[in-house]
C-alpha cells in the first residue's frame, strides 16, 4: 500500500469511526440546533494562543490564564479538554462540542507511539480536529475570547522548520509562508505544484486538496521560551515514557522553529507576539502576562468596535469554501468581483468554512435588517442560510433569497433559472433582484422528538427524506468526494454524484437492515395511517424540481402542500426497480405496482417502533434522531428567479 493510500485510508477510517461513535452518543451530532433566535453574533471571538516547545509549561500557563480570564470575561479554552465559563458561570467542559472527545483519544494514542512517521500523521489529524473545534466554538455560543494550548498552524510551521517534517517544506521563508497559506485555505495548491507537495508534504496537500479544514491564524501569540536542557529535565521529571520527538537536540531545533515562525507571523501578518522567558519568571507571573495581554486586546477591540449593520439595498453574499467540486472551490474568490462589476449596489461577501458558520452569518444579517441574501454553495449551504434567516420561528416577509449554484447537482438553482456558469449566474441574479422577480416557495418544518423528550427543528424548501434517502448526504457531501464530484457530474450528468451516493447509501442501509438496526415505522399522511413496516425510503418533495428529479412533477413550490413517496421494502430486486422508477418518474403513475405510496399532503408523521438511530435528509443536510419525525408547511419565502417574465 502506498503512503498516499495509507493516509487516505487512515483519514477515512477515522472519519467513519468518529461518526459511529457519535451515533452511540459519545459525540454530539454534527448538526446542532439553530442558534438561539434572540441572539445576534456581532463579531468573532479574539483568539489567543500559547505556544512553545514541550516542557516549557504551556499547559500550566494555559490553565492559570484560563481561570484568571474567566473571572473577567466569557472565555473558552481549547486544550486537552474544551472548557468554557465566565464571571457568572464556572469553568466547565463544553459537552456540546463535536470531536472534542475523539481529539483527546487520538492525542493520547499518538503520545504512546514510537514510530515517528505515524506519530506525525496522527498529530496532524489531531490538529485538524482542533481547528474544527475552534470553528464550532466560533459560531455556537461564541465567547469573548478563545484561548488555545498550542496552535495548529504555528505548531505545523514550527515542526517544519525543526525538520520534524524535514521533507515537507524548504527552509526558504517564502516557501514556508506559501505553505502556511495553503494550510490556512487562503489559496489552492496550483496543479503544477501539486505533485511536489504530494511527495514532500502529503498531509498538507491532502488537507488543501480535499478541503478537509482550514488552519486558522491566531489573533495574538504568547511564545514561551526555555533552554532545551531544562525542558528535557522537566519532561523526564514527569516519570512518563518519552514521546517520539522528545530529545534535547530536537527540542533545540523546535524552539528555534517557534521563534522563526512567530517572528514570520508578526512580520507578514501583523499578529502581536509576546515572548516569555519562562526560566526567568515564575509561573504566576507568566499567567499574569498572558491574562493581562488578552484583556488589553479585548478592551482595545471594544474601543474601536463599530456597528456594521446591513444597509438597505445591500446584497449580502454568503459563500461556503467547501461546497461543490475542487474547481468550484477555486472560484470562490471570483464571486465578489463578478457581482461588483454588474451592480451599483453595495455588495458584501461573507466566506464561511462550514454550514454552521453560514447559518450564523445569515442570522446576523437578517437580525440586523438585511433583506437581500445570496447563498453561494450547494443545497446544504442554501439550507443553512434559510435556517439562519429565521427570526423567532419565521422568515421576514420582505426577505429575498437567491441561490448561486456552486455545486454540481443544485436542483433548486436550476428550477429558479440560475445558470451554472458564474458570470451568467451573477447576471441572472442581479436582473432578478433589480426586477423583483421571485418564486414564492413554501418552507417545510422538519421536527424530531427524541425518546427523552428533546425536540429538534430544521427547515427545507427543496427535498428531504429518511431511510436510504436520509443517508445519501453522508456520501454526496463527503469532503473526499469533492475530488471526483466534478468528474461524476461530467460523465453522468448533474445528478451523477447523487446517484452514486444513493447506491452507496443503499448498500449501507442493507448492512444495517441485516444487523437489525433499521427500525420499522408507521406513517401518518394527513389522515391516512400506514401501519409499521420497514420502509426502504421515504422521500419528501416540496414541489417540482425539474426533469432531473421528476418526483415533484406538477406540484408548485408554493402550493401549501408537499409530496411524499414512501417505498415499502420487499427485497433487493424490488428495491432496484423502485429506484429506477423513481429516477424516471414512472413511480408516480403506478405507485402500487412498485410497492410505493404517493400522496400530496400538508402533514407527515413517521413514528419508529424502536429507538434506533437513523438519518433524515434536510435539503442535503443531515439530522440524526432516534424518535418521531413530523414534517409540515410552516411558512413561505421569496426566492429570486432568473427567468425572464
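In our numbering, the protein residues as written are 197 to 841.
Glycine included, C-beta positions come from ideal geometry on N, C-alpha and C.
How many whole angstroms separate the CB atoms of residue i and residue j, which I take to be in contact at a CB cut-off of 8 angstroms?
i, j, result
"residue 253", "residue 433", "Actually they do not touch by this definition, with Cβ atoms about 12 angstroms apart."
"residue 754", "residue 832", "6 angstroms"
"residue 822", "residue 669", "Contact flag wrong, Cβ pair sits at about 18 angstroms."
"residue 541", "residue 510", "7 angstroms"
"residue 516", "residue 548", "5 angstroms"
"residue 808", "residue 721", "So it is not a contact: roughly 22 angstroms between Cβ atoms."
"residue 257", "residue 246", "6 angstroms"
"residue 846", "residue 618", "Because the chain is modelled from 197 through 841, residue 846 falls outside the range shown and cannot be assessed."
"residue 353", "residue 457", "4 angstroms"
"residue 334", "residue 468", "Residue 334 to residue 468, Cβ: 20 angstroms. No contact."
"residue 837", "residue 635", "5 angstroms"
"residue 399", "residue 243", "With 8 angstroms as the limit, residue 399 and residue 243 do not qualify as a contact, their Cβ atoms being about 22 angstroms apart."
"residue 655", "residue 664", "Not a contact, Cβ separation roughly 23 angstroms."
"residue 791", "residue 763", "7 angstroms"
"residue 554", "residue 580", "4 angstroms"
Just tell me which of the options has its CA closest to the CA of residue i.
i, options, result
"residue 730", "757, 747 and 771", "771"
"residue 849", "322, 612 and 825", "The displayed coordinates of the chain run from 197 to 841. Any statement about residue 849 would go beyond what the structure contains."
"residue 479", "735, 241, 302 and 251", "251"
"residue 561", "294, 597 and 534", "597"
"residue 582", "276, 835 and 324", "835"
"residue 263", "341, 785 and 241", "341"
"residue 421", "449, 412, 705 and 334", "449"
"residue 719", "733, 781 and 376", "733"
"residue 859", "460, 352 and 486", "Examination of residue 859 is not possible in this model, given that the chain is present from 197 through 841 alone."
"residue 331", "792, 380 and 615", "380"
"residue 268", "791, 333, 328 and 339", "339"
"residue 640", "787, 797, 278 and 559", "797"
"residue 795", "784, 307 and 280", "784"
"residue 743", "611, 816, 550 and 303", "611"
"residue 475", "419, 467 and 716", "419"
"residue 559", "586, 425 and 723", "586"
"residue 384", "370, 629 and 404", "404"
"residue 455", "717, 472, 782 and 708", "472"
"residue 820", "402, 311, 666 and 700", "666"
"residue 652", "723, 818 and 593", "818"
"residue 493", "417, 537 and 423", "417"
"residue 265", "672, 277 and 284", "284"
"residue 317", "428, 575, 286 and 302", "302"
"residue 451", "460, 423 and 429", "423"
"residue 566", "551, 576, 512 and 533", "512"
"residue 806", "717, 762 and 793", "717"
"residue 576", "293, 816, 248 and 290", "816"
"residue 292", "286, 278 and 282", "278"
"residue 768", "328, 706 and 296", "706"
Let's test the definition: count the other Cβ atoms within 10 Å of the Cβ of residue i and tell me whether it reaches 16, buried, or not, exposed.
i, result
"residue 477", "exposed"
"residue 298", "buried"
"residue 727", "exposed"
"residue 235", "Unreliable placement is indicated for residue 235, whose pLDDT of 30 sits below 50; the coordinate value is still reported in the next sentence. Residue 235 should be labelled exposed."
"residue 387", "exposed"
"residue 750", "exposed"
"residue 839", "exposed"
"residue 588", "exposed"
"residue 410", "buried"
"residue 710", "exposed"
"residue 393", "buried"
"residue 740", "buried"
"residue 488", "exposed"
"residue 272", "buried"
"residue 496", "exposed"
"residue 756", "exposed"
"residue 319", "buried"
"residue 759", "buried"
"residue 703", "exposed"
Compare the C-beta of residue i against all C-beta atoms of chain C and say whether one is closer than 9 angstroms.
i, result
"residue 716", "Any reference to chain C falls outside this structure, which holds one protein chain only."
Segments assigned alpha helix (DSSP H), at least 4 residues, entirely inside the stretch 412-468: Segments of the alpha helix (DSSP H) lying fully in the stretch 412-468: 424-433 and 444-465.
Residue ranges of each beta strand (DSSP E) within the stretch 686-765, 3 or longer: 717-721, 724-729, 731-737 and 758-764
Any 3 or more C-beta pairs closer than 8 angstroms across the stretch 615-634 and the stretch 657-668: no
Completely contained beta strand (DSSP E) runs for the stretch 639-671, where each covers 3 or more residues: Correct list: 651-656 and 659-663.
The stretch 557-576 / the stretch 423-437 touching (three or more Cβ pairs under 8 angstroms): Too few Cβ pairs lie closer than 8 angstroms, so no.
Ordered list of beta strand (DSSP E) runs contained in the stretch 564-613, each at least 3 residues: 568-573 and 596-601
Length-filtered (4 minimum) alpha helix (DSSP H) runs lying within the stretch 764-825: Complete alpha helix (DSSP H) runs here, min 4: 768-780.
Three CB pairs or more closer than 8 angstroms across the stretch 339-353 and the stretch 313-324: yes
Continuous alpha helix (DSSP H) assignments of at least 4 residues falling wholly in the stretch 247-276: Taking only runs of at least 4 residues, the alpha helix (DSSP H) segments lying wholly in the stretch 247-276 are 254-266.
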